[in-house]
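Here is the structure we will look at.
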């Protein structure tokens, strides 16, 4: 394979440089907690060793005349000690050096990505390969490489670097826009501090409970979250004036389209109910989400959604517009529609697997998405080795949403262990 | 250990439940072990290289202009105006970069004074008669309004909508005054443009004051615009 020096941004990635702000941009984190303390020098070696295998991850963000693009970097990112909170703001200067961070703290290795580089699935493959390489160097572990942990000695495959959006766009464009959704509010923390609450539960109990209520784990958690937000809205907004309550659920399209790209390939669906239509029981909410997912997350519907985005990207007139002007319109479009249709993300990475030889060394694998531009709260879920990790992040004071959501899960019979990055109380 | 209110299991040594804030009884006095370090990201942004670069650039441009004028004409000539412009650029754009947290309440009056002196120099140099009747009052009033607004926004914790709304109304009134100075200096007709600007600024200023005074409206605007 020829030595690629730069990459066009994929269709989903184009929006992220346009909407970044002086104190916010779209980042996500995947982390693995080992059963031993992390050796930073070995981790640095592992980061260097993966450079040829993951060319689309070791990149910096550059600005052309008409589009942003990602350019390969020659020197790898330096591993750093983790901060007091995840997803510390990645400024333009940092992104001009590298759009990937590798952090460590005690037993934990974390990789944080600017979302233009990849999505949760791609990020988790990078992290697992990084941990695999770390364990190989440190303990001489013989790893059975598969799709979850790639062999660093292999060359990158063409299908891993493809823009699956352009490849799978449908012939007909179709997009459904609805009424603006209810907005969770709160007083934003000064600076960049983010509160993280991690709820840990047994995945079998959670799965069983979801099944009992007639849904998948994602639909079940989305249903409980819908019920929580409906309750909060009913206390703030007079009856009859309520706005729709929707959960933004990213759908991994690799399975739908048979893609194996390591770059972005997710589309989000905004699913929920309008509380003005009447009260809903939890089972009705879960059923609603399940049915809407079945209806909308189809190959044909997603291909039409992709076609809407790709169509804009390929439009000759739009392509001829200088990047700064494009960014203004993209930002306006995103502010008007991109984030206005949902209240919170629930991004479920699903069951994260790794070769058996690695499992003895890894305690946890977690996934965290940052708050959106205007959603103060976000929720991300990952399951590893029989435990489900529900990460609730927020950049505002007050943990009302988390308290109500998690106590509802406890009331439903799901035992939870709760951790926080803020045990001493953050003073803004 | 569990939270008696929420029913969730907590980390050993946790002092209070992260969900509801209920104090947790810790009979063994175990220390809390955080899953995150206490390391905060560097807040300080090193502006010194940028400040040094801009200063050197200004000095080099000044030297180059002076040299070109002196070699070609034997005197500064038009170069004096360029030098004055570079000095103004330095005071307004470069000087604040040297400070870590430049206070607008200090820098705005300095900028106003620099601009007044620059305009006085240009007026004298070009033999104009517009400084005292037009440039001096207009720039002076703008400087006072700007400094007062910066001070109110910086030191008042509340009432920002009212401050910005009030500023818009004062700016609206200033538009009429500006056209009046234009009229007496350049003999132009009155009320050709200022009334339109004044009405627009009055309306938007009054709206912002209403937002500031009516709490539900203010909360609605804050929520919608995520302020």
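Residue numbers (our numbering), protein chains in the order written: chain D, 1 to 428; chain R, 429 to 655.
Cβ coordinates follow ideal geometry from the N, Cα and C atoms, glycine included.
Predicted, not measured: the structure shown is a model, and the values here were computed from it.
Quick check on the burial criterion: 16 or more other C-beta atoms within 10 angstroms. Buried or exposed for residue i?
i	result
residue 139 of chain D	exposed
residue 330 of chain D	buried
residue 327 of chain D	buried
residue 5 of chain D	exposed
residue 116 of chain D	buried
residue 88 of chain D	buried
residue 47 of chain D	buried
residue 617 of chain R	exposed
residue 195 of chain D	buried
residue 612 of chain R	exposed
residue 402 of chain D	buried
residue 278 of chain D	exposed
residue 110 of chain D	buried
residue 41 of chain D	exposed
residue 104 of chain D	buried
Give me the Cα-Cα distance between residue i and residue j, rounded to the nearest whole angstrom.
i	j	result
residue 429 of chain R	residue 321 of chain D	60 Å
residue 16 of chain D	residue 604 of chain R	44 Å
residue 201 of chain D	residue 527 of chain R	51 Å
residue 26 of chain D	residue 588 of chain R	29 Å
residue 248 of chain D	residue 369 of chain D	13 Å
residue 432 of chain D	residue 436 of chain R	Since the first and last residues shown for chain D are 1 and 428, residue 432 of chain D lies out of range.
residue 360 of chain D	residue 461 of chain R	24 Å
residue 38 of chain D	residue 250 of chain D	32 Å
residue 2 of chain D	residue 324 of chain D	Its pLDDT being 46, under 50, residue 2 of chain D is placed unreliably by the model, and the measurement read from it follows with that caveat. Straight-line Cα distance between these residues: approximately 32 Å.
residue 165 of chain D	residue 12 of chain D	8 Å
residue 126 of chain D	residue 156 of chain D	12 Å
residue 162 of chain D	residue 121 of chain D	15 Å
residue 517 of chain R	residue 480 of chain R	14 Å
residue 112 of chain D	residue 319 of chain D	30 Å
residue 363 of chain D	residue 107 of chain D	9 Å
residue 645 of chain R	residue 119 of chain D	39 Å
residue 92 of chain D	residue 358 of chain D	36 Å
residue 186 of chain D	residue 467 of chain R	25 Å
residue 572 of chain R	residue 544 of chain R	13 Å
residue 311 of chain D	residue 14 of chain D	13 Å
residue 100 of chain D	residue 94 of chain D	9 Å
residue 332 of chain D	residue 569 of chain R	35 Å
residue 469 of chain R	residue 86 of chain D	11 Å
Could you tell me whether the Cβ of residue i comes closer than 8 Å to any Cβ of chain R?
i	result
residue 260 of chain D	no
residue 148 of chain D	no
residue 380 of chain D	no
residue 391 of chain D	no
residue 399 of chain D	yes
residue 84 of chain D	yes
residue 352 of chain D	no
residue 421 of chain D	yes
residue 239 of chain D	no
residue 105 of chain D	yes
residue 48 of chain D	no
residue 427 of chain D	For residue 427 of chain D, the predicted structure reports a pLDDT of 48, less than 50, and the residue's modelled location is therefore unreliable. A value from the coordinates is still provided. Judged by the 8 Å Cβ criterion, residue 427 of chain D is not in contact with chain R.
residue 417 of chain D	yes
residue 87 of chain D	no
residue 403 of chain D	yes
residue 410 of chain D	yes
residue 2 of chain D	Confidence at residue 2 of chain D is low in this model, with a pLDDT of 46, below 50, so its placement is unreliable and no value can be given for it.
Please report the Cβ distance between residue i and residue j, rounded to the nearest whole angstrom; I am assuming they are in contact, meaning their Cβ atoms lie under 8 Å.
i	j	result
residue 429 of chain D	residue 439 of chain R	Beyond the ends of chain D as shown, which are 1 and 428, falls residue 429 of chain D; an answer cannot be given.
residue 299 of chain D	residue 367 of chain D	Their Cβ separation, rounded to whole angstroms, is 25 Å, which puts residue 299 of chain D and residue 367 of chain D out of contact at 8 Å.
residue 23 of chain D	residue 192 of chain D	6 Å
Using a Cβ cut-off of 8 Å (strictly closer), state whether residue i contacts chain D.
i	result
residue 555 of chain R	no
residue 434 of chain R	yes
residue 437 of chain R	yes
residue 583 of chain R	no
residue 466 of chain R	yes
residue 447 of chain R	yes
residue 469 of chain R	yes
residue 490 of chain R	no
residue 462 of chain R	yes
- request: May I ask you to verify whether the segment 518–536 of chain R touches the segment 576–596 of chain R, counting CB pairs closer than 8 Å and requiring at least 3?
  value: Proximity of the segment 518–536 of chain R to the segment 576–596 of chain R meets the contact definition, three or more beta-carbon pairs being nearer than 8 Å.
message: For the segment 181–189 of chain D against the segment 339–358 of chain D, do three or more pairs of beta-carbon atoms, one drawn from each stretch, fall closer than 8 Å, so that the two count as touching?
response: Two segments are said to touch when three or more pairs of C-beta atoms, one from each, lie closer than 8 Å; by this definition the segment 181–189 of chain D touches the segment 339–358 of chain D.
Contact between the segment 247–266 of chain D and the segment 50–67 of chain D (3+ Cβ pairs under 8 Å): With a cut-off of 8 Å on Cβ pairs, the segment 247–266 of chain D is in contact with the segment 50–67 of chain D, counting three or more such pairs.
query: Can you find at least 3 beta carbon pairs, one from the segment 62–73 of chain D and one from the segment 452–467 of chain R, that sit closer than 8 Å?
result: Put simply, the segment 62–73 of chain D does not touch the segment 452–467 of chain R. Fewer than three CB pairs are less than 8 Å apart.
field: Inter-stretch contact at 8 Å, needing at least 3 Cβ pairs: the segment 593–607 of chain R / the segment 561–578 of chain R
entry: Yes, they touch.
task: Could you tell me whether the segment 209–220 of chain D touches the segment 282–301 of chain D, using the rule of 3 or more Cβ pairs below 8 Å?
output: When C-beta atoms of the segment 209–220 of chain D are compared with those of the segment 282–301 of chain D, three or more pairs fall below 8 Å, so the two segments count as touching.
query: Does the segment 132–149 of chain D come within contact of the segment 224–237 of chain D, defined as at least 3 CB pairs closer than 8 Å?
result: Contact between the segment 132–149 of chain D and the segment 224–237 of chain D is absent, because fewer than three Cβ pairs lie under 8 Å.
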